[in-house]
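See below for the structure under consideration.
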Amino acid sequence: MQKLYLRILPFFISSFVGILIFVMVDYIADVNWQNLILNIAAGLISVPFIFICYELVREVSEKKIKTKIRNYINFHTEKILFSFLKYIYCWFFPTQKTPILLDENKIQKLYDVSASDFEKMLTEKTLLGFFIYKNIDDKILGLGSVIKNANLNQYITDDEMIRFMDILRNITLIKKSVLSFLLLGKNKVLRVRADDNPHSSELELFYRNVKVDFGNFDNVDKSKLLEYFKVPTESVELLSHQLYDLISDIKELVKIMEIDFWREEYPYGIKGPNI
2 MQKLYLRILP
12 FFISSFVGIL
22 IFVMVDYIAD
32 VNWQNLILNI
42 AAGLISVPFI
52 FICYELVREV
62 SEKKIKTKIR
72 NYINFHTEKI
82 LFSFLKYIYC
92 WFFPTQKTPI
102 LLDENKIQKL
112 YDVSASDFEK
122 MLTEKTLLGF
132 FIYKNIDDKI
142 LGLGSVIKNA
152 NLNQYITDDE
162 MIRFMDILRN
172 ITLIKKSVLS
182 FLLLGKNKVL
192 RVRADDNPHS
202 SELELFYRNV
212 KVDFGNFDNV
222 DKSKLLEYFK
232 VPTESVELLS
242 HQLYDLISDI
252 KELVKIMEID
262 FWREEYPYGI
272 KGPNI
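Per my numbering, residue 2 is the first one in the sequence shown, and the count goes up by one each step.
Rendered as structure tokens:
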């Protein structure tokens, strides 16, 4: 988008020339020539003035539009990034008897995990099917629609666009890797049940009467949700680097876009974290 001063500079030059011509009128003796010069000077001053006013109004309008669009982008991006962070957090730091709710400290804990840490955890930990098979396809598609929309992506910087694309690539690859995880055994303490809301397709994970987590699981064998899985040895190194790159890009994008997961009020509704 061209800078305001570059757009109005020619009009200022025209007006300045008009003022110079107007000053020259006093040095012209012929009345007819004076009238001609005055008309030219008036045109050079008044017409650019109209265009300058137009450009100023346009600039104000564009700033308002840009602010609204950026709020829209940030609002939807934040919800999606938070979902990705919670999805990965549940892999490695699940709870069995208390609800899984992310806060600032837990997100920072995830940010601080190195590639070698991921590799170690993938080698040692078993992962519950409820967490690894959670369907986040709608979030992946949602993030993709933001950067593909021509009305939106013109307001995304090059640095942000690179992060968006890297995040999409890695989360997609990570989801594909889940399909090759090895089955180990079954959890006999937790149970899965459908949401009480008849209009919801979500499944909920319970320990006795405590709802630990929830999510959608389209086209997933429900029997897998209480099974434990392990990452194949040959996949550990690659997957650990994909996880590290994903979290690093999310961390950087959150910083660049000045996203605050804990801000309550938004122009497009009230955000509830951990959704």
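We put the beta carbon where it would ideally sit given N, CA and C, even for glycine.
Could you give the residue range of the beta strand (DSSP E) that holds LYS212?
211-216
Could you tell me the distance, in whole angstroms, from the CA atom of ILE101 to the CA atom of PRO95?
7 Å
Have a look at the DSSP bridge pairing and note the partners of ALA195.
LEU204
Work out the CA separation of PHE93 and MET122 for me, nearest whole Å.
7 Å
Option nearest GLU125 by Cα separation, candidates ASP246, ILE257, ARG264 and VAL232
VAL232
Contact between the stretch 69-89 and the stretch 127-140 is defined here as three or more beta-carbon pairs at a separation below 8 Å; is this criterion met?
yes
If ARG215 and LEU204 are in contact, beta carbons under 8 Å, what's the gap, nearest whole angstrom?
What sits at residue 215 in the sequence shown is Phe, not Arg. Going by Cβ atoms, the distance from PHE215 to LEU204 rounds to 7 Å, so yes, they are a contact pair.
Less than 8 Å separating the beta-carbons of TYR112 and LYS252?
yes
Three-state secondary structure (DSSP) at ILE257?
helix
Thinking ILE175 and GLN243 are a contact (beta carbons under 8 Å), I'd like their distance in whole angstroms, please.
5 Å
Assign LYS87 to one of three DSSP states: helix, strand, or coil.
helix
Within 7 Å: the Cβ of ASP214 and any heavy atom of the ligand FAD?
Although the ligand FAD was asked about, the structure shown includes no ligands whatsoever.
Taking one C-beta from the stretch 182-198 and one from the stretch 161-171 each time, how about it: are there three or more such pairs within less than 8 Å?
no
Three-state secondary structure (DSSP) of LYS189:
coil
With contact counted as at least three CB pairs below 8 Å, one residue from each stretch, are the stretch 58-75 and the stretch 178-196 in contact?
no
Go through its chain and collect everything with a Cβ distance to ILE260's Cβ below 8 Å, but skip five positions before and after it.
ASN75, THR78, GLU79, LEU82 and LEU254
What are the residues that DSSP puts in a beta bridge with LYS231?
LEU183
Is ILE175 helix, strand or coil by DSSP?
helix
Output the distance between the C-alpha atoms of GLY130 and GLN97, rounded to the nearest integer angstrom.
13 Å
What did DSSP end up calling LEU103 once you bin it into helix, strand or coil?
coil
Excluding the 5 residues preceding and the 5 following ASP104 in the sequence, name in chain order all residues of the same chain whose CB lies nearer than 6 Å to its CB.
none
Is it buried or exposed, SER202, if we count other Cβ atoms within 10 angstroms and call 16 or more buried?
exposed
Residue interval of the alpha helix (DSSP H) (run including LEU144):
138-149
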